[in-house]
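These notes are about the structure you will find just below.
Residue numbers (this note's numbering): 41 to 117.
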């Protein structure tokens with residue numbers, strides 16, 4: 041008997057894979073990291089990432105946003 045596949049791939053491009061779980065949650069995998077979302081959560085997350093991508097491109101183009109101090113609870117590496 042074959043195992044039941046409870047996930048359906050809805051998008052796969054390079055390291056990015058989006059699955060819909062049998063429970064209805066979205067599983068977004070990028071390389072070794074998988075994030076689990078409700079649909080509304082993913083839409084909000086994707087919107088934030090899109091806005092950040094625009095800011096990064098603006099910085100590359102020399103017209104970046106004002107840099108804010110990093111919160112004390114955030115560390116790099």
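Every residue, glycine too, gets a C-beta built ideally from N, C-alpha and C.
Model, not experiment: these values are computed from the prediction.
Length of the line joining the Cα atoms of residue i and residue j
| i | j | result |
| --- | --- | --- |
| residue 65 | residue 58 | 10 Å |
| residue 54 | residue 111 | 33 Å |
| residue 44 | residue 88 | Bear in mind that the predicted position of residue 44 carries a pLDDT of just 47, short of 50, making it unreliable; the figure below should be weighed with that in mind. Computed Cα separation, rounded: 34 Å. |
| residue 63 | residue 103 | 44 Å |
| residue 51 | residue 91 | 21 Å |
| residue 56 | residue 73 | 10 Å |
| residue 84 | residue 94 | 16 Å |
| residue 113 | residue 75 | 22 Å |
Strand pairing of residue i, partner residues [DSSP]
| i | result |
| --- | --- |
| residue 53 | 56 |
| residue 48 | 60 |
| residue 75 | 68 |
Collapsed DSSP secondary structure at residue i in the structure displayed
| i | result |
| --- | --- |
| residue 65 | coil |
| residue 102 | coil |
| residue 91 | helix |
Beta-carbon spacing of residue i, residue j below 7 Å
| i | j | result |
| --- | --- | --- |
| residue 60 | residue 79 | no |
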